[in-house]
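So in the UniProt record's numbering, spot 191 of the sequence shown is number 191, and the numbers just go up one at a time.
The structure appears right after this line, and notes come after that.
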Amino acid sequence: MLRLAVPNKGALSEAAQSMLKEAGYRSRRDSKELVVVDQDSGCELFFLRPRDIAVYVGEGTLDVGITGRDMLIDSGAPVEEIMPLGFGGSTFRLAATAGTMTSADDLDGRRVATSYPGLLEKYLSEKGVDARVIKLDGAVETAIRLGVADAVADVVETGTTLRNVGLEVFGEPIMRSEGVLIKQQSASDTPGLEQLIRRFQGVVHARDFVMMDYDIRAERIEEAIALTPGMEGPTVSPLHREGWVAVRAMVRRKGHQRVMDQLWDIGARAILVTDIYACRL
Ligand SMILES: Nc1ncnc2c1ncn2[C@@H]1O[C@H](COP(=O)(O)OP(=O)(O)OP(=O)(O)O)[C@@H](O)[C@H]1O
Ligand SMILES: O=P(O)(O)OC[C@H]1O[C@H](OP(=O)(O)OP(=O)(O)O)[C@H](O)[C@@H]1O
Ligand SMILES: [Mg+2]
1 MLRLAVPNKG ALSEAAQSML KEAGYRSRRD SKELVVVDQD SGCELFFLRP RDIAVYVGEG
61 TLDVGITGRD MLIDSGAPVE EIMPLGFGGS TFRLAATAGT MTSADDLDGR RVATSYPGLL
121 EKYLSEKGVD ARVIKLDGAV ETAIRLGVAD AVADVVETGT TLRNVGLEVF GEPIMRSEGV
181 LIKQQSASDT PGLEQLIRRF QGVVHARDFV MMDYDIRAER IEEAIALTPG MEGPTVSPLH
241 REGWVAVRAM VRRKGHQRVM DQLWDIGARA ILVTDIYACR L
């Protein structure tokens, strides 16, 4: 059985569980259930703290896990990213009281609070900045006001938390993160992993794409195909109307309204867009 680690709480937990559900894996009945055996899919799900997941996978006790890319780097565990999962997007950034710092170099000789010391220390050493890292468990934004640090390095999603305490990001983003599927470095192929990857890719694609159907005069078909090339090529079928064809193609969800406008302009009609429930490409 494939042994998979899933975040049991926090920012990635709900999205990871929806993804598993959409991919056809069994859900847990309530948040107290820590292990779920899914006989049908040949998979055992272990619900663990997101921060610990890279450690378990790195030790080889679990085959694969879902965690944040920032947590993976922070752990220093011997694990590698298999695929990005398209949820839990964030950036990891430096911040300080508005107007006090402009680049990482300003941190020389100063104190930086973070709950990602591994990630921050790696960055500071790459930049050749000599700063003291203060490790805190969370709510690091308050560390400046309380005089424990001169700057912070933390996850920023909307920036609301920083704004609320009068802090401002400075310097380049240290990294861009999202939820990722990980495995032990150089682990040999685990039975069931191929299937998990294919199912997850199916969910990612089903979310990224919509299905578009429309009718168009046959003489405009080449222009239409240029707008909706589909995957292997769009399906073009005869319409029960002289000189017209029906076209069906997958289109990226992002920008699909613009594609509809352009199709309309070249004479397409009855343009329908539907969600894709599941797919294998
Ligand atoms: N708004 C957000 N706040 C925090 N983490 C986020 C956010 N959006 C995405 N993430 C990602 O979620 C992961 C952090 O998860 P989580 O919040 O469970 O960790 P944590 O804050 O260390 O844990 P906890 O505070 O629950 O002990 C990181 O990979 C981070 O990039
Ligand atoms: O940019 P924003 O949208 O405001 O989100 C980022 C904030 O959310 C997280 O905190 P969390 O709620 O996980 O609390 P914690 O700091 O105690 O972990 C993170 O550590 C930031 O503080
Ligand atoms: Mg948190």
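Ideal placement from N, C-alpha and C gives every residue a C-beta, glycine not left out.
All figures in this text were calculated on a predicted structure; none of them were measured in a lab.
With DSSP collapsed to three states, give me the class of residue i.
i           : result
residue 159 : coil
residue 85  : coil
residue 213 : strand
residue 80  : strand
residue 224 : helix
residue 127 : helix
residue 203 : helix
residue 229 : coil
residue 118 : helix
residue 258 : helix
residue 58  : helix
residue 142 : helix
residue 172 : strand
residue 271 : strand
residue 266 : coil
residue 218 : helix
residue 44  : strand
I'd like the list of long-range same chain contacts for residue i, defined as Cβ closer than 6 Å, with 5 residues on each side in sequence excluded.
i           : result
residue 215 : 239, 244, 246, 269 and 270
residue 223 : 266
Please work out which residues of its chain come closer than 7 Å, Cβ to Cβ, to residue i, disregarding the five sequence neighbours upstream and downstream, and give them in chain order.
i           : result
residue 205 : 279 and 281
residue 79  : 54, 57, 58, 72, 182, 183, 184 and 185
residue 123 : 174
residue 165 : 141, 142 and 145
residue 161 : 141
Within a Cβ cutoff of 8 Å, which residues of the same chain sit near residue i, ignoring the five residues on either side of it in sequence?
i           : result
residue 203 : 19, 22, 23 and 278
residue 94  : 101, 104, 107, 112, 151, 152, 153, 169, 170, 171 and 174
residue 218 : 243, 244 and 245
Any heavy atom of ligand 2 within a distance shorter than 7 Å of the CB on residue i?
i           : result
residue 140 : yes
Ligand 4 heavy atoms versus the CB of residue i: any closer than 7 Å?
i           : result
residue 159 : In the structure shown, ligand 4 is absent; the only ligands present are ligand 1, ligand 2 and ligand 3.
Practice item. Report all residues for which the CB-ligand distance to some heavy atom of ligand 1 is below 6 Å; order them along the chain. Key: Having a Cβ closer than 6 Å to some heavy atom of ligand 1 are 9, 10, 11, 12, 50, 51, 68, 70, 71, 88, 90, 115, 138, 155, 157 and 177.
Review point. Any contact of the stretch 147-160 with the stretch 105-115, i.e. 3+ C-beta pairs under 8 Å?
Key: Touching, yes, given that three or more Cβ pairs across the two stretches are closer than 8 Å.
Check your understanding: Just checking, does the stretch 74-90 make contact with the stretch 40-54 on the three C-beta pairs under 8 Å criterion?
Key -> Flag = yes, the stretch 74-90 and the stretch 40-54 touch.
Check your understanding: Counting Cβ pairs, one atom from each stretch, are 3 or more of them under 8 Å apart for the stretch 185-198 and the stretch 79-93?
Key -> Proximity of the stretch 185-198 to the stretch 79-93 meets the contact definition, three or more beta-carbon pairs being nearer than 8 Å.
Practice item. Pair every Cβ in the stretch 36-50 with every Cβ in the stretch 223-238, then say whether three or more of these pairs are closer than 8 Å. Key: Flag = no, the stretch 36-50 and the stretch 223-238 do not touch.
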